[in-house]
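J.: Encoded as structure tokens, here's the structure I'll be asking about.
4 protein chains.
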Amino acid sequence: MNQQLKQLVESLSPEWTAWRRDFHKYAESGWVEFRTASIVAEKLQEWGYVIQAGKEVIRDEARMGVPSAAFLAEQEKRALGQGARPEWLPVFSGGFTGVVGILDTGRPGPTIGFRVDMDALDIQESDEQDHLPAANGYVSINPGMMHACGHDAHTTIGLGLAQVLMAMKDQLKGRIKLIFQPAEEGVRGAKAMVEAGVLDDVDFFFSGHIGSGVPLGEVVCGARGYLATTKLDVTYKGYSSHAGGHPEDGKNALLAAASAALNLHSIPRHSQGSSRINVGVLQAGSGRNIVPGAAYLKVETRGATSDINEYMLERAIQIIKGAAVMHDVQESIEIVGMANSCDSSSELIPFIRSQAEKVEAVHAVRDFVVAGGSEDATYMLQRVQDNGGLASYLVIGTTLAAGHHNEKFDIDERVMEIAIQTYALCALHAGELPGWSGENTENGEK
Amino acid sequence: MNQQLKQLVESLSPEWTAWRRDFHKYAESGWVEFRTASIVAEKLQEWGYVIQAGKEVIRDEARMGVPSAAFLAEQEKRALGQGARPEWLPVFSGGFTGVVGILDTGRPGPTIGFRVDMDALDIQESDEQDHLPAANGYVSINPGMMHACGHDAHTTIGLGLAQVLMAMKDQLKGRIKLIFQPAEEGVRGAKAMVEAGVLDDVDFFFSGHIGSGVPLGEVVCGARGYLATTKLDVTYKGYSSHAGGHPEDGKNALLAAASAALNLHSIPRHSQGSSRINVGVLQAGSGRNIVPGAAYLKVETRGATSDINEYMLERAIQIIKGAAVMHDVQESIEIVGMANSCDSSSELIPFIRSQAEKVEAVHAVRDFVVAGGSEDATYMLQRVQDNGGLASYLVIGTTLAAGHHNEKFDIDERVMEIAIQTYALCALHAGELPGWSGENTENGEK
Amino acid sequence: MNQQLKQLVESLSPEWTAWRRDFHKYAESGWVEFRTASIVAEKLQEWGYVIQAGKEVIRDEARMGVPSAAFLAEQEKRALGQGARPEWLPVFSGGFTGVVGILDTGRPGPTIGFRVDMDALDIQESDEQDHLPAANGYVSINPGMMHACGHDAHTTIGLGLAQVLMAMKDQLKGRIKLIFQPAEEGVRGAKAMVEAGVLDDVDFFFSGHIGSGVPLGEVVCGARGYLATTKLDVTYKGYSSHAGGHPEDGKNALLAAASAALNLHSIPRHSQGSSRINVGVLQAGSGRNIVPGAAYLKVETRGATSDINEYMLERAIQIIKGAAVMHDVQESIEIVGMANSCDSSSELIPFIRSQAEKVEAVHAVRDFVVAGGSEDATYMLQRVQDNGGLASYLVIGTTLAAGHHNEKFDIDERVMEIAIQTYALCALHAGELPGWSGENTENGEK
Amino acid sequence: MNQQLKQLVESLSPEWTAWRRDFHKYAESGWVEFRTASIVAEKLQEWGYVIQAGKEVIRDEARMGVPSAAFLAEQEKRALGQGARPEWLPVFSGGFTGVVGILDTGRPGPTIGFRVDMDALDIQESDEQDHLPAANGYVSINPGMMHACGHDAHTTIGLGLAQVLMAMKDQLKGRIKLIFQPAEEGVRGAKAMVEAGVLDDVDFFFSGHIGSGVPLGEVVCGARGYLATTKLDVTYKGYSSHAGGHPEDGKNALLAAASAALNLHSIPRHSQGSSRINVGVLQAGSGRNIVPGAAYLKVETRGATSDINEYMLERAIQIIKGAAVMHDVQESIEIVGMANSCDSSSELIPFIRSQAEKVEAVHAVRDFVVAGGSEDATYMLQRVQDNGGLASYLVIGTTLAAGHHNEKFDIDERVMEIAIQTYALCALHAGELPGWSGENTENGEK
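Put into structure tokens, the structure is as follows:
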């Protein structure tokens, strides 16, 4: 079946490149993937997948870091103007931009879940001519939004996988669940899909990331050591006054924020493992000659373990509060994202290795890599593992023009073929999955 | 003539209120007063004034703090949609939003200049119901722009004065020059009008501000001690990296900016007089999990004398540069505004006092007040004084709902009648101006 | 009598130079002027003054910023080794180092008080050869203590004045009170003498400072605008831990102190008048590889008025507390010094001017100067003025080698002759004092 | 031979306790271990060791962080007054306080080196009664110096080992080299002994630390992951001025230091391994009312690898320099200590394990521990390993009253018996050392 797969991939590949560039051009950030999700839903349905979408797969109360209603509405309107499918938009309206496509073979076998993410970053993409998307005309046209992490390719991989599996469905067993998640950036979206129950019937789960320091042609079967993380929005409210006429009347929220930022970065390292802190955004003040009465920070803490992340969080909150006392301003702190630390299932690694090694373009396979960041797929891995299933997070290498989250981030698009083949082989060889023989008749037996 | 003036004012007053509220609703910030300036030009022309406008009265190279071409174009377009006069827009296009109206009586006499400013502030106006403009439906509909300093009233005062003087033109001598200046906030616009020569033929010059801590019914004849000031835009350019995966690769522009902000405010006081420093705006970073690669600050220094301001500026630049060294980022500093320290001409005070005392609603007149802020009308006062003329900056009291530059700033609109009468009397009684007898035949004699 | 005075001054002058250099060499800081005070007491007594000293003139509870008992004892012991008078030491023991010498003429007349201060600063004096005291062998031998403000000369002026007045006592009226105050630096000592009642019978009061930016040969009759001030000692107590092994266990008092210092200096200027803040000393941490568990700051606030100083103090306390919250450490704040804002009595200025003009070496007399610093003689001026008396604080010019409080501070010693003559003339011409005719028989009449 | 060893230890143990308490009482910090070193030299010589000491074992140019000549002289004088041996002092004068004792059996065999360190910390020891050394009268009498890390016990262990090995010398082979190192705190001394060649003939090397989180009765055979470290002294020189009178003239070194401290702690974590930064000491300013003209910081960086430490160091220097630019002060940076990252030789672990297990009081032996701090014995391990030898750094557990470097640090003294027995067994069983059979005749064969 590998040969058939290879031919399919070859013939479909140009289409995938076009899709990825289209998603890249119309980059949409977390919870406003209206255009992206509607295209995904339309295609999956067209190809014969059973679709679950919107509130069915996104639990409202578990969403984190959702933009304002006004922004959601404005973005939905923009998406419509940029080609979002009008028949699908109502389903996603209000920021419920998740899609799940299900292929039930009717034959006994496990439920295998694949998850990709769809959101862009809040970055202004470079328009310099040494940046390929700019030179070739698919640079993001949405100001301040850019696929600088590769989720455009992830979405495409999900769609390509859907095509390939549907084309080869006679060779599959059990059920396939393709999960298209919104709002991975800021680790805001996975929890809402997990709490909607999307993962509850999944026996084997695969997700992954392209790039991440691994070059094209290499595949890492399982990532370990994703950092636990908490995302905070901090607002300081002081009192504005005229900086020339009455400086003494002001309560300076900008200085509170600046003090907080400096001191947050000075939280001591933890001897028991990695920790991180970042004040990624600071916005303060309204005018040059006005003592700034308001300030806003986007902060995140991380830790190699949940305990270390908790330590960072406690210290951070202390500092944020102290800075408010200092400048006699009011602080408010909102938790807008969270992810666990979680590891891939060791038992699954040899299986993935054997599939990846079948892919011609793969010249090196590694078992494990230690992840440096956070990823809310960890919620999904954990849920599957908690239910007795196995789950792994792969890294599919691709050579990058500039690092993730850089304004000139760009990928070698051939990674999409490799990823699609690797995932497809995992589905096609379900019979080799650990603890699963072809004779098993139902999910319940695992 | 005072009686005639009083009746005129009574009859026109409702119209003025309407105009002020209209300007308030369509607040336009510095260099983008497209709608405001086009309405001013249209009305002045209609009433019979000779109009100078656009590049004729604004010297391009002397403009400071001009927004980007894109923003200018976008705002011009918006202005058109909000009622800007299409026939006037081309004159102002690109941010040359100054207007001068000239009334030449043909009779011998001095050239008397009056200057008002037209721009709003970059403040989001309060929409709470205890804020009158919100309760009464003329809250600013332009997001992030608000007349929180009273320039809507200033513009209206200029227009009302134009009406009144034209109506009483038979009682005037010499020439009247009504100067409508853009971009006073940030002290960016006056210099460009001065360098275009607008003040060069002015013998007596009056400008002023409403409010400023003086209650309704009081007039201050001359402000002293305006602070010299310099406005700086600072940009830090570092390097973004993933805050979880590769924090060590980042060059943190946000921390440079935060350090700069804190240390700027710590510049020592000067023993020889007042000094000020304000970081009014700080914007840094693009995403929560990205080490911030860019930051932007709006800064201003002030001093009781130009020397003290120079001292503050030198220290500020040193700190801005040191913060860049600290975090290994590149800094750039742009001067976007400047004003002198300048005093009103003492010789003019008794004349102004005698006119102000004729206004029925004025119950107290003070000679001088010490100003706490900066004001670029000082460029105009200075130019007139340098040419041997006399100039004064008045304060026309009005009781405020909240201080200048506050999101709930609001005025007692009756101040407009007082201001118009006071200014009109100064023009109507030109014969009493110091060093000017009715017998003088030409400007040259001053 | 001026001629006699002049001859006296000429003959005594070499002795004064020797005394000043001796005091300079054995510099003693506030509350430990054991050697200095004992020499003063011995000489005054020898010359025939009635002596009040120690607890008689220093109210214990009103002392501020008194060193530890251990330090006091150690310094007293050192003083003994350096020539302090053993018979006087018990009087001053424990830091009651004030002396008052009284000369009662028995003739009707006012009580005239003169006050000088005796303490050195906590500065390590320069031993470079371009510093005269070092080159000439009278550099301070007490480590970390230096007469860098001229109180060695002040003490000498007090003694010289005592000599001269005693020599000319037949020409005096009323009573003379010579007040030798400890601990002026840090404005710690005056209040304790005032509260001991030392000023309660004084009708006319003179104190003053040499130098202060006024060159040799000039005398300023009255200083105005002394800044109100408060002196604070701040201690942060955190928790030490090994910086390599367990950084996360530490509570970093050094970072709390550093944050406090930066933010204290950022307290906004006050629009109503001068304000000051200084963190003069910061000491934190015990070892390089230990997370600092303790920190200590010496802070002072000032204001042109007591209200402005109060504003600075409130903001400072807020910041100090906020920094403690930030780093989860305990703060303690102790007030260790205070002075008022106070002005010289205008009525006294013409009298002082007329005396100063009689001094040959004086070539310029100014009525007033605006002081930039603080001075606790203000407590004494205030008490005398509150009782209906008149008081002034003079500045007797002297050209300085380096500014006050610099490690190379040095004076032109001729200032002592000028000061002594000026003060002596004020006493000798008591009959010319405002509101005081020779006929008055009692203090009560003022 | 174990039995004989055990009896020796039992009989000598009380003496050891006395020595340790004596060293504790007369704590001497790095490079001024005059008393300690002279006692060590005297005893070793008395017992028959060949002594190398002073400049013979300390290379002058490789010493780091040596105190001033004045302090060295003052401390040497104090040591003499506290019982230092006068005949030995000249050898150590000037801070060459290292001693090596050599025992050559004359029999073939390896050269085995043992190293202990002798210096105390700059900590003021607690005198509270719940602190045993205070309650029992051997609290440090040297102000600001305290054995808060256990080097008093280390020195005693070295001496006890010397006694035991000399007593059992007939059962030894090859040569024993006992190395008593000064100035381990601040990692300042080891490099100078290595560069003097002390380690060049050592085939097997053992050093170790007591405590370090390991309880009494446990021995760890080899420490891994000592952090590379660099120690920096930073001085800022600005300009002092009167904080009330002329604040604008000052160049504030305290604010430069505070800014540096805050920003140093904000150096980003490194994704490739542990990093550390500590500003352990900050001292700035001379008086409350003086703008601080000088500041001093003790800083250290660390890294899991030398590259990471280098990264921290480069960033630190950048920040230190930037802070100087900010406040227009001059900075100077001096490297005063350094240590490598280094691991114990794996091949040696089983040998050490087998010896430690013979010690009765040892109930648990672990192979490895990951160290959290730095240690300059790493220079010695590295030199021995570079020469083809084997080296290990042990941890000999002891239960602590308070953590290392705390003012109430105290040990369970029984650890000394365990350490001496373990080390002695390592020497006595030299024949079992890896790659070393009794037949080998010379070092050269290894």
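Listed in order, the protein sequences are those of chains A, B, C and D.
Be aware that the first sequence starts at 1, since it is given in the UniProt record's numbering, and climbs by one per residue.
Be aware that the second sequence starts at 1, since it is given in the UniProt record's numbering, and climbs by one per residue.
Be aware that the third sequence starts at 1, since it is given in the UniProt record's numbering, and climbs by one per residue.
Be aware that the fourth sequence starts at 1, since it is given in the UniProt record's numbering, and climbs by one per residue.
Note that CB positions come from ideal geometry on N, CA and C, so glycine has one too.
Extract the residue ranges of the alpha helix (DSSP H) inside the stretch 66-126 of chain C, only unbroken runs of 4 or more that lie entirely within it.
T.: Whole alpha helix (DSSP H) segments, 4+ residues: 69-81, 89-92.
J.: Could you tell me which residues DSSP puts in a beta bridge with F204 of chain C?
T.: Looking at the DSSP assignment, F204 of chain C forms a beta bridge with C:I112, C:L390.
J.: For A295 of chain B, is the beta carbon positioned less than 7 Å from some heavy atom of the ligand COA?
T.: No copy of the ligand COA occurs in the structure displayed, which carries no ligand at all.
J.: Would you check if the stretch 12-19 of chain C and the stretch 150-164 of chain C touch, i.e. whether three or more CB-CB distances between them fall below 8 Å?
T.: Output reads yes: the stretch 12-19 of chain C touches the stretch 150-164 of chain C.
J.: Going straight from the alpha carbon of V220 of chain B to that of R366 of chain B, what length do you get?
T.: Their Cα atoms are separated by approximately 5 Å.
J.: For S212 of chain C versus V395 of chain C, is the C-beta spacing smaller than 8 Å?
T.: Yes. Within cutoff.
J.: At a Cβ cut of 7 Å, what residues of the stretch 302-319 of chain B count as close to chain F, listed as they run along the chain?
T.: Absence of chain F from the displayed structure is noted, the protein chains being A, B, C and D.
J.: For Q7 of chain A, name the three-state secondary structure that DSSP assigns.
T.: Looking at Q7 of chain A - three-state DSSP - the assignment turns out to be helix.
J.: For a contact defined as C-beta to C-beta under 9 Å, what are the partners of R414 of chain C on chain D?
T.: Near R414 of chain C there are no residues of chain D at all, since even the closest Cβ is about 23 Å away, more than 9 Å.
J.: By Cβ distance below 8 Å, which residues in the same chain neighbour Y49 of chain B in space, the five residues on each side in sequence not counted?
T.: For Y49 of chain B, where only same-chain residues beyond five positions count, the Cβ hits under 8 Å are G101, I102, L103, A162, M166, L178.
J.: Let me see if you follow: with CB-CB separation under 8 Å, is K321 of chain A close to chain C or not?
T.: Yes, because at least one Cβ of chain C sits closer than 8 Å to the Cβ of K321 of chain A.
J.: Can you tell me whether E300 of chain A is helix, strand or coil according to DSSP?
T.: Note: E300 of chain A maps to strand in three-state DSSP.
J.: Could you name the residues of chain A that V281 of chain B contacts, counting a contact when the two beta carbons are closer than 9 Å?
T.: Residues of chain A passing the Cβ test: L254, Q283, A284, G285, S286, G287, R288, I290, P292.
J.: How about R302 of chain A and G280 of chain B: are their beta carbons less than 8 Å apart?
T.: Their beta carbons are not under 8 Å apart, which means R302 of chain A does not touch G280 of chain B by this criterion.
J.: Among B:G287, B:A120, B:I420, which has the Cα closest to the Cα of Y26 of chain B?
T.: Of the candidates B:G287, B:A120, B:I420, the one whose C-alpha sits nearest the C-alpha of Y26 of chain B is B:A120.
J.: Pairs of beta-carbons, one from the stretch 261-272 of chain A and one from the stretch 291-308 of chain A, closer than 8 Å: are there three or more?
T.: With a cut-off of 8 Å, the stretch 291-308 of chain A and the stretch 261-272 of chain A count as touching, because enough Cβ pairs lie within range.
J.: Classify T235 of chain A as helix, strand or coil using the three-state DSSP reduction.
T.: Three-state result, T235 of chain A: strand.
J.: In or out: Q181 of chain B buried (at least 16 other Cβ within 10 Å) or exposed?
T.: Result: buried.
J.: Since P247 of chain B meets chain D, which of its residues come closer than 8 Å, beta carbon to beta carbon?
T.: Near P247 of chain B (Cβ distances below 8 Å), the residues of chain D are P268, R269, H270, S271.
J.: Provide the residue(s) that pair with A258 of chain D in DSSP beta bridges, ordered along the chain.
T.: Bridge partners of A258 of chain D: none, in fact.
J.: Could you confirm whether any beta carbon from chain B is found closer than 8 Å to the beta carbon of D203 of chain D?
T.: It does not; no Cβ of chain B falls within 8 Å.
J.: Within the 8 Å Cβ cut-off, does G250 of chain B reach chain D?
T.: By this cut-off, G250 of chain B is an interface position.
J.: How do the stretch 323-338 of chain B and the stretch 232-242 of chain B stand: do at least 3 beta-carbon pairs fall below 8 Å, yes or no?
T.: Yes, they touch.
J.: Could you check whether the stretch 398-406 of chain C touches the stretch 334-351 of chain C, counting it as contact only if at least three pairs of C-beta atoms, one from each stretch, sit closer than 8 Å?
T.: With a cut-off of 8 Å, the stretch 334-351 of chain C and the stretch 398-406 of chain C do not count as touching, because too few Cβ pairs lie within range.
J.: Touching or not, the stretch 29-44 of chain A and the stretch 110-125 of chain A, by the rule of three or more beta carbon pairs under 8 Å?
T.: Yes, the stretch 29-44 of chain A is in contact with the stretch 110-125 of chain A.
J.: Using beta carbons (cut-off 8 Å, strictly below), is S325 of chain C in contact with chain A?
T.: For the record, residue 325 of chain C in the displayed sequence is Val; it is not Ser. Chain A contact via Cβ: present.
J.: Is S306 of chain C helix, strand or coil when you go by DSSP?
T.: Looking at S306 of chain C - three-state DSSP - the assignment turns out to be helix.
J.: Within the 8 Å Cβ cut-off, does G208 of chain C reach chain D?
T.: Cβ-Cβ to chain D under 8 Å: no for G208 of chain C.
J.: Using a cut-off of 7 Å between C-beta atoms, extract the partners of S240 of chain A located in chain C.
T.: Within 7 Å Cβ-Cβ: nothing; S240 of chain A doesn't reach chain C, min ~12 Å.
J.: Tell me, to the nearest whole angstrom, how far the beta carbon of G431 of chain D is from that of K169 of chain D; I am working on the premise that it is less than 8 Å.
T.: Contact flag wrong, Cβ pair sits at about 15 Å.
J.: My assumption, with CB atoms under 8 Å, is that L428 of chain C sits in contact with A316 of chain C. Please give the rounded CB distance.
T.: So it is not a contact: roughly 47 Å between Cβ atoms.
J.: Can you check which of these residues, C:V415, C:F368, C:E417, C:E300, is closest to G287 of chain D by C-alpha distance?
T.: Closest by alpha carbon: C:E300.
J.: Whose Cβ in chain A lies nearer than 9 Å to the Cβ of L262 of chain B?
T.: Correct list: L255, A258, S259, L262.
J.: DSSP three-state label for G337 of chain D, please.
T.: Correct three-state label for G337 of chain D: strand.
J.: Skipping 5 residues on each side, what residues in its chain have a beta carbon closer than 7 Å to that of I39 of chain A?
T.: If we look at I39 of chain A and ignore the five residues flanking it on each side, its Cβ neighbours are R85.
J.: Whole angstroms is fine: what's the gap from V325 of chain B's alpha carbon to A324 of chain D's?
T.: So the alpha carbons of these two residues sit roughly 10 Å apart.
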